[in-house]
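Q:
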């Protein structure tokens, strides 16, 4: 089943508290694809003046989760594998992440993501696997 972001909201799904704390917004979510935007915040910077890698990994995880949710709802469970490749440093700017579902089986879904700055420069790529289970 494929759901749009608005349909998922109507079903009771909402961005979690961490996404709200980070200011992450869902720009689009449907048909196994999602796009999220994370505004820059100064506390994301590590000591070298670039966005800390864990912040980028979190954005990837969130975006892939939404892409999976759009095709398997309500059977989304926790992330069971996450791999991030950092290609460039992310400066003090907003970032967008695009994710797509590669495969959604009976118990596990796989997705990939790309993080870009608003100039379209590729910052990181990621892949993730998500356990599919009934919503409790």
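In my numbering, the protein residues as written are 88 to 223.
Beta carbons: idealized from backbone N, C-alpha and C, even for Gly.
1) Pick from 117, 118, 120 and 129: whose alpha carbon is nearest that of residue 181?
2) Give me the Cα-Cα distance between residue 119 and residue 189, rounded to the nearest whole angstrom.
3) For residue 144, which option in 160, 174 and 158 has the closest C-alpha, if you only look at C-alpha atoms?
4) Could you please give the first and the last residue of the uninterrupted beta strand (DSSP E) stretch that includes residue 156?
5) Express the C-alpha separation of residue 210 and residue 185 in angstroms, rounding to a whole number.
6) In three-state terms, what does DSSP make of residue 204?
7) Below 8 angstroms on the Cβ atoms is my contact criterion, and I expect residue 200 with residue 125 to pass it. Report the Cβ-Cβ distance as a whole number of Å.
8) Check residue 197 in the structure and name its three-state DSSP category.
9) Within a Cβ cutoff of 7 angstroms, which residues of the same chain sit near residue 112, ignoring the five residues on either side of it in sequence?
10) Rounded to whole angstroms, what is the Cα-Cα separation between residue 116 and residue 153?
11) What's the gap between the Cα of residue 121 and the Cα of residue 135?
12) What is the rounded straight-line gap between the Cα of residue 168 and the Cα of residue 205?
13) So what's residue 164 in DSSP terms, helix, strand or just coil?
14) Should residue 110 be labelled buried (16 or more other beta-carbon atoms within 10 Å of its own) or exposed?
A: Quick look at the numbers:
1) 129
2) 8 angstroms
3) 174
4) Looking at the DSSP string, residue 156 is not in any beta strand (DSSP E); the run it does join, the alpha helix (DSSP H), is 140-159.
5) 12 angstroms
6) strand
7) At roughly 12 angstroms, the Cβ-Cβ gap does not stay under 8 angstroms, so residue 200 and residue 125 are not in contact.
8) strand
9) 123 and 124
10) 7 angstroms
11) 30 angstroms
12) 27 angstroms
13) strand
14) exposed
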